[in-house]
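Comments concern the structure below.
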Amino acid sequence: MMKLLKTLILLISLVSFNSKAQDISNIKTFVQQKAGPHESLQEFYENFGEEFKAPKLPSNQNQLKLVVKFVVERDGSFSNITVIDQTEEVTNEIVRVLSKMPRWKPGYQDGQPVRSSFNLPITIKLNSYDENEENFKRDVSAYREVLKKYEQETDYFKFNCNCVTLTAVIEPDGSSELFQYETLDKVGLYNIGIKKFSEVNEKKFFKDLIKEISKSESKYKKVKLGNTDALNVQWFEVWQENTIYNRTIFFFEKNVLYTLNFASNSTEITNIVFEELLQSFQIKQ
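Take a look at the structure:
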C-alpha cells in the first residue's frame, strides 16, 4: 500500500549538520532514529510561528526565511542554537522561542539516546492576508480561473488545470498508471495514479492504508466524494530547505483505485489547486 503512496510523494528528509559545539565529538550527524517533536512537525511549525514576534523589517517583506541549526540533547532540550545569515535581533528571538517549545524526542543510536545535530528551515509569514483581504480575494478568484485554462485527458479521466504533462508511467500489464503534470508557472506538481483490481475489499484496503499513514506525521480524514468513500490526506516534507505541502485523496470506482495528489511550497496554492482538482476531475465511463 505504501509503495503507491510513496510513489506519489517527494521522498525527502530533514538534513542534519555538523554543529560548532565545544564537545563536537559527542554530537552525532547521522543517527538511526532522528530527533523530532513529540507532536507532528507541522504542529511544531504552527506553534513556533504563533510564538515568534517579528522584529521590525521593511514593509514590503511579507515573510522571513530562516535556517536554524541546533543540537538536540539526550533529554530532548536544545543547545548550540545558531541562525544562518540573520541579525542578532532575529537570532535572539529564535533562541527565545525555541526555549519555550516543548522538548523533542532525542535521536537514537544503537537503542540509546544521543546528542544529535539538526538543520531546520523555517518560513514565517509577517503580514497576514487580513491586511489586504479584498486584494487577496480578487487574486484567488483570478487564480482559480487560470486553473481552468487547459483540459488534460487520458483513457480513464479528465480534469482542468494550468499544467502540462511531465511524465506518464504505465505498467506493462496495464494494472497501474501514474501521470505527473507540472503547473506552467512551475510552482507545483500534480500526481494522478490509478490501480486496477480484479476484486478488492475496500474497507480492508482503507484500514490498512490508515494504519500505514498513522506511522507518519500525516493528517488524514475520511470524507465523501458524492456517494463514494474516500480518504483525504495532507502532510508536508522538507526538501532542499523548502517546505513542500501535499494534499492527496484516495477513492475507488468500479474496483479501480484513484489517487489524486498536488504538491507545492505554499499551503494556499496547494489548497486552492487541490480544491479545483476535486471539482473538475471526472472519471470517463
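Numbered by mature numbering (1 follows the signal peptide of the UniProt record, and there is no 0), the letters in the sequence shown go through residues -21 to -1, 1 to 264 in order.
Even for Gly, the Cβ is constructed at its ideal location relative to N, Cα and C.
Inset, instruction - Taking 8 Å as the threshold, find out whether the segment 242 to 260 comes into contact with the segment 181 to 192 through three or more Cβ pairs. - result: no
Legend entry - Spatial distance of Q1 from K13 (CA atoms): The residue labelled residue 1 in the question sits at position 22 within the sequence shown. The residue labelled residue 13 in the question sits at position 34 within the sequence shown. Annotation note: pLDDT 39 at Q1 (below 50); position unreliable, coordinate value reported separately. Each residue's Cα considered, the two are about 22 Å apart.
Legend entry - 7 Å CB neighbourhood of S120 in its chain, flanking five on each side removed: Position 141 of the sequence shown, counted from the first residue, corresponds to residue 120. Same-chain partners within the cutoff: there are none.
Inset, instruction - Kindly list the residues whose CB is nearer than 8 Å to the CB of N234, restricted to its own chain and excluding five residues on each side of it in sequence; keep chain order. - result: Here residue 234 refers to the residue found at position 255 when the sequence shown is read from its first residue. The residues are K175, F176, S177, E178 and V179.
Inset, instruction - Would you grab the beta carbon distance between S197 and W214 for me? Rounded to a whole angstrom, and I think it's under 8 Å. - result: Translated into the one-based positions of the sequence shown, residue 197 becomes position 218. Translated into the one-based positions of the sequence shown, residue 214 becomes position 235. About 4 Å; that satisfies the 8 Å criterion.
Inset, instruction - Would you tell me roughly how many angstroms separate the C-alpha atoms of L78 and A33, rounded to the nearest one? - result: Along the sequence shown, read from residue 1 onward, the residue named residue 78 stands at position 99. Along the sequence shown, read from residue 1 onward, the residue named residue 33 stands at position 54. Here residue 78 is Ser; the residue named in the question, Leu, does not match the sequence. Taking the straight line from one Cα to the other gives about 16 Å.
Legend entry - Residues bridged to I223 (per DSSP): In the sequence shown, counting from the first residue as 1, residue 223 sits at position 244. Bridge partners of I223: E216.
Legend entry - Start and end residues, beta strand (DSSP E) containing K87: Here residue 87 is taken as the residue at index 108 of the sequence shown, counted from 1. The question names Lys, yet the displayed sequence has Tyr at residue 87. From DSSP, the beta strand (DSSP E) with Y87 extends over G86 to Q88.
Legend entry - Per-residue DSSP class, three states only, for A121: Translated into the one-based positions of the sequence shown, residue 121 becomes position 142. In this structure, A121 counts as helix in the three-state DSSP scheme.
Legend entry - 4 or more residues per run - each alpha helix (DSSP H) lying fully within the segment 1 to 27: none
Inset, instruction - Could you check what DSSP says for K200 in three-state terms: helix, strand or coil? - result: Here residue 200 is taken as the residue at index 221 of the sequence shown, counted from 1. Strand, per DSSP.
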